[in-house]
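S.K.: Adding 20 to a residue's 1-based position in the sequence shown gives its number in the working numbering. Quick reminder that beta carbons are idealized off the backbone N, C-alpha and C, glycines included.
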Amino acid sequence: MNPADAAERYLRQLTIERGLSKHTATAYRRDLSGYLDVLAERAVATVADISKEDVAAFHQSLAERGLAASSVARQLSAIRGFHRFLVEEGLVAQDVAADHRPPKLPQRLPKAIRVDQMERLLEAAGGGVDASPAQLRDRALLELLYATGARITEIVSLDVDDVQEDIVRVTGKGNKQRLVPVGRFARRALDAWLVRGRPVFSAKGRSTPALFLGARGARLSRQNAWLVMQAVAERADIDHVSPHTFRHSFATHLIEGGADVRVVQELLGHASVATTQIYTHLTADTLRDMYTTAHPRAR
């Protein structure tokens, strides 16, 4: 089998069997495309002909392009996955990419905002008695993002039936579902949106089960949800706010409040607790500041 056909087969497996999102599958395709170009330049005709030297040549090409360590790590990860697939499918006998380890990345702490900043941001969305349907939607959207710690894609993918009393059924990566509690502030904002706001938007388009709707009555897109967030953050005078800011703030505030890291792992939908433990470093900074201020022999 030639490398291009094998790559297509690998991408189909990623998309269908592993349930990767469209965005992730596109990223894999882009990374594999660069690898296929290198193999073509080296006149590699079949996957059985790929050697360790070919993989090394691709690795070297990444280094010569001056890419960031994160980009190199991502592309090498895609290539290593491709070669594992070739072995698992019996297309080759040896994994020639096994020795090519991605560069170790520096640990970067997630950006979170303070509780008082989050409260200011949510208030800036509006949502009072005289609020417009758009304001009701924006407040419910942002309250739910902070209440659940869900990814923005997960939130805009919600249907009305996914909200049951004080629980939301979230579908995450790999179509894995998790149940996340919703506090009274988010529940109140959702009720206002469903009763006073959503019917107005729904009347403008075809019937859809989507929880959050855009101006034309269709499901709210990821891009429009991001624009909502940027507009509200600007009104609240808070810089550098993104969907991940809500997710990171959710996790950080929970752990600072005493939540067990494994509970936070379950709520975030992390496959490994190691992913969640990065948030414990954030609270360590808080503890260090408190210690330095309070302990008589700290300074």
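1) Using DSSP with H/G/I as helix, E/B as strand and the rest coil, what is residue 228?
2) Helix, strand or coil for residue 197? Go by DSSP, reduced to three states.
3) Please go through the same chain and pick out, in chain order, the residues whose beta-carbon is closer than 7 Å to the beta-carbon of residue 256, but skip the five residues on each side of it.
4) I want to know whether the region 191 to 208 touches the region 131 to 138 - three or more CB-CB distances under 8 Å.
5) Could I get the ranges of all uninterrupted alpha helix (DSSP H) runs contained in the region 61 to 92, with 4 residues as the minimum, in chain order?
6) With residue 271 and residue 209 assumed to form a contact (beta carbons below 8 Å), what rounded beta-carbon distance in angstroms separates them?
7) Report the three-state DSSP secondary structure of residue 28 (helix, strand or coil).
8) Just to confirm my understanding: we take residue 27, look at its own chain, exclude 5 residues before and 5 after, and list those with CB closer than 7 Å. What are they?
9) Should residue 310 be labelled buried (16 or more other beta-carbon atoms within 10 Å of its own) or exposed?
10) Based on the DSSP output, what are the partners of residue 51 in its beta bridges?
11) Can you tell which of 247, 252, 158 and 176 has the C-alpha that lies nearest to the C-alpha of residue 228?
12) Roughly how many whole angstroms lie between the Cα atoms of residue 200 and residue 263?
13) Hey, residue 157 and residue 213 are a contact pair by Cβ (cut 8 Å); roughly how many whole angstroms apart?
M.R.: Judging by the given coordinates:
1) coil
2) Three-state result, residue 197: strand.
3) The answer, listed in chain order, is 140, 141 and 144.
4) no
5) 72 to 84
6) Wrong, their Cβ atoms sit about 21 Å apart, outside the cutoff.
7) helix
8) 52, 56 and 102
9) Only weak support is given to the placement of residue 310: the predicted model assigns it a pLDDT of 49, under 50, and the question is left unresolved by the model.
10) DSSP, once it has assigned bridges, lists no residue as partnering residue 51.
11) Closest by alpha carbon: 176.
12) 18 Å
13) 5 Å
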